[in-house]
Structures are given as C-alpha cells and as structure tokens.
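Single-structure report; data block below.
Structure representation (structure tokens):
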C-alpha cells in the first residue's frame, strides 16, 4: 500500500558529542519517507530541492522505492540547509543556521497520480500548506500530521483548521501542551482529540511515547540504547514508521495503533544510533522485527 509524504528535503550539518557531519541528507519528508519505505511501497514524496541536491542521494531515495515525481527541482536555486549543535544533554540543541533557500516559497503541488493516495503523512510545514495539500487528495483513509512550536506560535488558527482534517496528530510533549494550552499531558491529549483528530501520539523522546484515543491511553517505553550519536529526525522517523506500518496492515483498530507506536519507536531507535539518515540506510526487516520483539519482552510482565 502506498504512502504519500509531504515536508522538507534538506542538507544538514550536525554536531554532537559523538562527532560531526556536513551536508548530510535530511529534512522531515526524507526521514518520514525512509522510515515508511520499510513498510509501504511505493512512498510518494512531495518536496522541493535546488540544483545543488546531490544526485547520489536522489538515487538512494529511489533505491528505497520512493517515488520522486512530486519532488520539485529548481535548478537555479539552493536546497534548504540547516545546521545544529547538540549539547552533552542531547535534549539541548543550538541552531547554528537555517537557510530556507528554495523551501522558503515551497508551494506543494500534488501530481495527478498521487491524488488517490489513501495514507498521508504531513511533515511539520506551514499548516495552511497542509490544508492545501489535503484539499488535493481524494478521500484519504488516514491522515497523520505533525507540527512544531513555530507554527503553533505564529499560525494557531490555521493549525486548528488543519487539525480538523487530521485523523492522528503526532507531536512532542511541549507541542501538545502548547496546542491544547494545558500543562497536564493527558489532559492536553484529550483536549487535542476535541479539536478533530481521532487519536494523538505524544512523543517523549528518551521516555517513550503516549497514544491517546477516546477510550484508551497506551504508554510505550523508548528503546534503551547505550550509545546515541544523533537525535536529529527521530520524531519524523517515528511518524514515518508509525504511518507506514498502518499503511501496510490497513488496520486502524486501537490495538493496531498500539503496535504502530512500537514500530515507530523501533525505527526511531535505529535513526539515533548513527548520524543523519545513516541509521536507515542499511537496516533490515529482520533487525526491525528483532527490535520489536525486544520491545515486547522488556515491557511485558505477569500478573501477581
């Protein structure tokens, strides 16, 4: 089952206590699409790059069965570039620069061949663009959307409008509190459900994730890694793995949403083990299944 992904495509320079990488493949659409490609096929990507985008990375994306018909290439322009430096506490990060370049005037266009996509994952772009994209999709089965504090602070009303078209919202805990204007995380999740989505997934980084539906709360741990090289893109990878698994199974039951959280968490754990997208370049289906089994083993217990 195919998956449609919209978001940024970038070249990142990243510094962490474990090292540094320059001009590495990144952007929300890339992280989501790569994670989703392990479950759904093809993955249809909508984004924009400049003429400086490395052709070898274009081929890598194609090698993962990612359809690039929706990737606009502005030959005279430059690709979105971002630089960040992480502290010893990897929850703390300094943005060194953000050069939007061609992404500044990104106006996503949905090719005719994409318009019947059943599963859609929206990266954290301008909520008015998210709504514009959804207006071009014919009756999607599932829409998973993300956002960030920049849009919450600057385009709150547009975000509320977009939320009415989301089936599931995936955000971190700070973003959930800001959207709901509620400090208690469970109350924030419940408030978000009143805004339109049927479910909310709140990412808590090294502390896992919380899934909330009308009837249930499901809490998943994070995978207990001893070595973390780079947390960039982990949230997008979670969203891609989560949505990709739902596209593969075509099962939107509450129990399967819980399984999707585990698959999303497993994919995110591979991402942070290496820099940029390198953790997603060579992971195998066998490794994914083994990590999911480990999640089951360390979160299972017998009744007394």
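In the working numbering, the protein residues as written are 953 to 1256.
All C-beta atoms in this analysis are idealised placements derived from N, C-alpha and C, irrespective of residue type, glycine included.
Owing to the predicted nature of the structure, the values given are computational and were not obtained by experimental measurement.
- Ranking 1017, 1168, 1223 and 960 by CA distance to the CA of residue 1208 puts 1168 first.
- With respect to residue 976, residue 1228 sits close: the two C-beta atoms are nearer than 8 Å.
- Residue environment analysis places residue 1050 among the exposed positions, since fewer than 16 neighbouring C-beta atoms fall within 10 angstroms of its C-beta.
- Straight-line spacing of the CA atoms in residue 1152 and residue 1143 works out to 10 Å.
- The way I'd put it, the stretch 957–965 does touch the stretch 997–1015; three or more beta-carbon pairs between them come closer than 8 Å.
- When the beta-carbon positions are compared, residue 1218 and residue 1243 come within less than 8 Å of each other.
- If the five residues before and after residue 1027 are omitted, its C-beta is found closer than 8 Å to the C-beta atoms of 1002 and 1003, all from its own chain and listed in chain order.
- By the CB criterion at 8 Å, residue 1193 and residue 987 fall inside the cutoff.
- When rounded, the separation of the alpha-carbon atoms in residue 1037 and residue 1048 is 7 Å.
- Residue 1232: not part of any alpha helix (DSSP H); DSSP gives it neither H nor E.
- The bridge partners DSSP lists for residue 1132 come to none.
- Within the stretch 1151–1185, no run of alpha helix (DSSP H) at least 4 residues long lies entirely inside it.
- Shown here for residue 1155: same chain residues with a beta carbon closer than 8 Å to its own, the five before and five after excluded, namely 1122, 1123, 1124, 1125, 1161, 1187 and 1190 in chain order.
- Shown here for residue 991: same chain residues with a beta carbon closer than 6 Å to its own, the five before and five after excluded, namely 1196, 1197 and 1200 in chain order.
- Looking only at 1224, 1171, 1214 and 994, the smallest Cα-Cα distance to residue 1020 is reached by 994.
- Residue 1094 places its beta carbon less than 8 Å from that of residue 1071.
- Within the same chain, 1036 and 1038 come within 6 Å of residue 1045 by CB-CB distance, once the 5 residues on both sides are set aside.
- For residue 1105, the CB contacts under 8 Å within the same chain, skipping 5 residues up- and downstream, are 1130 in chain order.
- Taking 8 Å as the cut-off, the Cβ atoms of residue 1247 and residue 1235 do not count as close.
- Residues 1002, 1029, 1030, 1031, 1032 and 1033 of the same chain have their beta carbon placed closer than 7 Å to that of residue 1053, with the five preceding and five following residues left out of the count.
- For residue 1020, the secondary structure class from DSSP, reduced to helix, strand or coil, is coil.
- Between the beta-carbon of residue 1092 and that of residue 1065 there is about 15 Å, and that puts the pair past the 8 Å contact cut.
- Excluding sequence positions up to five before and after residue 1101, its CB lies within less than 8 Å of the CB of 1126, 1127 and 1130, all in the same chain and listed in chain order.
- Taking C-beta atoms as the reference points, residue 1224 and residue 1177 count as a pair closer than 8 Å.
- With 16 or more other Cβ atoms inside 10 Å of its own Cβ, residue 1076 counts as buried.
- Here DSSP, grouped into helix, strand and coil, assigns residue 1238 to helix.
- Residue 1120 holds the alpha-carbon nearest to the alpha-carbon of residue 1097 among 1120, 1109 and 1108.
- In the three-state reduction of the DSSP assignment, residue 1091 falls in the coil class.
- Around the beta carbon of residue 997, 16 or more other beta carbons lie within 10 angstroms, which makes this residue buried.
- In this structure, the beta-carbon distance from residue 1090 to residue 1067 falls below 8 Å.
- Burial check for residue 1181: the Cβ neighbour count within 10 Å reaches 16 or more, so the residue is buried.
- Nearest to residue 1006 by alpha-carbon distance, out of 978, 1078 and 1109, is 978.
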